[in-house]
Structure formats: structure tokens, C-alpha cells
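Engineer:
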């Protein structure tokens, strides 16, 4: 890139974005462990309720951080910077959707 276009190395997220992305992966790991522990072989309603509760808590925490608004509050939802509120809201929505699909497909 440098030779052809004369561009410079620039990472707008930096190390903070990498840590936030790692935390999102860790929350996904927790959801997988919840599925392995609670969603046994017959499909379990216990997993659906646990995943809904976990996702709801994450959404509530993310909402509190951003003041339940996209651009207001102490830590606004910002994908470019991978803000903590963005990570919590994404993980919460993913967990709620996963439990809804699990309930629709396996129960």
C-alpha cells in the first residue's frame, strides 16, 4: 500500500478496540458454555430462560452505559471505537436472538 498509494499505517481503534473485541468473544464463549451446561440432550427450556436472562442483563448494562440513547449518555454506542456499550448491546442482542432461534428450532 505504501509503495503504490502512499498510504500510512493507521489504526483508529488501537488496543482498546482489540480488548473490546476480545471481551465480545469472551461473552460468546460464556453463552456457549451456558448452552453446553444447561442445554442438555433433550432440548431444555431452562437454557432458553437462562440465555434470555443473560441477554437481558447485558442489554440492560449496555443501555445504562449509553443512557438508553445511541448518542447520549456517559458511553455512547459507537461501533467505530468498539465502546463498552456497543459490545454489551451486541452481545445482549445476540444472546436474545440465539435463545429465540433455539426455542423455535429445538423446543
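In my numbering, the protein residues as written are 29 to 135.
Beta carbons are placed, not taken as given, at the ideal position from N, Cα and C, and that holds for glycine.
Does the distance from the CB of residue 51 to the CB of residue 115 come in under 7 Å?
Structural biologist: Position 23 of the chain shown, counted from the start, is the residue given in the question as residue 51. Position 87 of the chain shown, counted from the start, is the residue given in the question as residue 115. Cβ atoms of residue 51 and residue 115: closer than 7 Å.
Engineer: Roughly how many angstroms separate the alpha carbons of residue 77 and residue 127, rounded to a whole number?
Structural biologist: Looking up residue 77 in the chain shown gives position 49. Looking up residue 127 in the chain shown gives position 99. Straight through space, the alpha carbons of residue 127 and residue 77 are spaced by roughly 8 Å.
Engineer: In angstroms, rounded to a whole number, what distance separates the CA positions of residue 131 and residue 35?
Structural biologist: The residue given as residue 131 occupies position 103 in the chain shown. The residue given as residue 35 occupies position 7 in the chain shown. In a straight line, the C-alpha of residue 131 is about 49 Å away from that of residue 35.
Engineer: Can you grab the Cα-Cα spacing for the pair residue 43 / residue 82, in whole Å?
Structural biologist: Residue mapping note: residue 43 aligns to position 15 of the chain shown, counting from 1. Residue mapping note: residue 82 aligns to position 54 of the chain shown, counting from 1. Approximately 27 Å, taken between the alpha carbons.
Engineer: Can you give me the C-alpha to C-alpha distance between residue 108 and residue 88, rounded to a whole angstrom?
Structural biologist: On the chain shown, position 80 is the one that residue 108 refers to. On the chain shown, position 60 is the one that residue 88 refers to. Note on geometry: alpha-carbon atoms of residue 108 and residue 88 lie some 21 Å from one another.
Engineer: Do you know how far the Cα of residue 75 is from the Cα of residue 125?
Structural biologist: As a position in the chain shown, residue 125 is number 97, starting the count at 1. As a position in the chain shown, residue 75 is number 47, starting the count at 1. Distance between the alpha carbons of residue 125 and residue 75 is about 13 Å.
Engineer: Going by alpha carbons, who is nearest to residue 56 out of 101, 84, 120, 70?
Structural biologist: Locating residue 56 in the chain shown gives position 28, where the first residue counts as 1. Looking at the Cα atoms, 120 is the closest of the given residues.
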